[in-house]
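Peer 1: Under the numbering used here, the first residue of the sequence shown is numbered 175, with each subsequent residue one higher.
Where is the CB? At the ideal position from N, CA and C, for every residue including glycine.
This is the structure I have questions about; it appears just below.
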Amino acid sequence: MSAATWAAHGGVTLLPLGTVWAATRVGGDTRLGATAAEAAAGTVLASLPGRFLFVHPSYPQGRWMELEVGAFGAAMVVTPPVAALGTWGMGEIAFGDSQEPGRAYLGALGGAAAGMLLGLAAHEGLRHLAGSSERLDFLRRYLALSLIGSGATVGYQWSRTPTPRH
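Right, dumping it as structure tokens:
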């Protein structure tokens with residue numbers, strides 16, 4: 175692989191880290207560790223249904239393709255709410271309540287949906303650039319899933335209003 179391909183993978187790998195840092199700047203919680211834990215919780219829960227986002231038909235013909243398309247479609251629908259639940263749950267339970275928990279969850283849901291679209295675009299772009307390298311496939315999948323979790327964190331932090339401490 176060329177040096178430009180490695181540079182593209184390395185550069186895109188920094189995107190979730192930058193997103194977590196940005197989440198500390200848009201919300202009321204400036205603790206990097208708490209924000210990173212929210213992103214990690216969203217990423218871990220997103221990985222459960224999100225593994226079906228990367229299904230490619232082995233025999234792209236006939237009825238076999240319907241199963242792969244169905245799995246991909248279900249993952250597109252289920253992954254953002256599950257990732258948002260992980261981020262929202264970690265933020266609300268572990269790091270303090272919001273004044274409007276429903277609004278905070280909707281922010282996490284919107285961020286997870288945007289992160290999923292960005293993550294899938296990054297995954298497929300890097301796959302197109304580097305080919306279907308098995309060595310880099312794990313990195314591309316992890317990158318896409320971490321963009322979902324960090325997107326949920328940005329949305330959560332942006333939309334939540336912390337409960338005032340007395």
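Taking all protein chains shown into account, do 16 or more other C-beta atoms lie within 10 angstroms of the C-beta of His-230, making it buried, or fewer, making it exposed?
Peer 2: So His-230 counts as exposed.
Peer 1: Quick check on this structure: which residue in Ala-278, His-183, Thr-209 has the alpha carbon closest to the alpha carbon of Glu-298?
Peer 2: Comparing Cα-Cα distances from Glu-298 to each of Ala-278, His-183, Thr-209, the minimum goes to His-183.
Peer 1: Decide if Arg-205 is buried, meaning its Cβ has at least 16 other Cβ atoms within 10 Å, or exposed.
Peer 2: Its Cβ having fewer than 16 others within 10 Å, Arg-205 is exposed.
Peer 1: Could you check whether Pro-223 and Leu-321 sit closer than 8 Å to each other, using their CB atoms as the reference points?
Peer 2: Contact: no.
Peer 1: My guess is that Gly-325 and Gly-289 are in contact by the Cβ rule of under 8 Å, so how many angstroms apart are they, rounded?
Peer 2: Confirmed, about 2 Å.
Peer 1: Using only the alpha-carbon positions, how far apart do Gly-192 and Ala-318 sit?
Peer 2: The straight-line gap from Cα to Cα measures roughly 14 Å.
Peer 1: DSSP has Ser-333 in a bridge; who is on the other side?
Peer 2: Paired residues: none, contrary to the question.
Peer 1: Is Ser-320 helix, strand or coil when you go by DSSP?
Peer 2: Reduced to three states, the DSSP call for Ser-320 is helix.
Peer 1: I believe Pro-330 touches Thr-261 by the beta-carbon criterion, under 8 Å. Please report the beta-carbon distance rounded to the nearest angstrom.
Peer 2: Residue 330 is actually Tyr in this sequence, not Pro. Contact holds; Cβ gap of about 5 Å.
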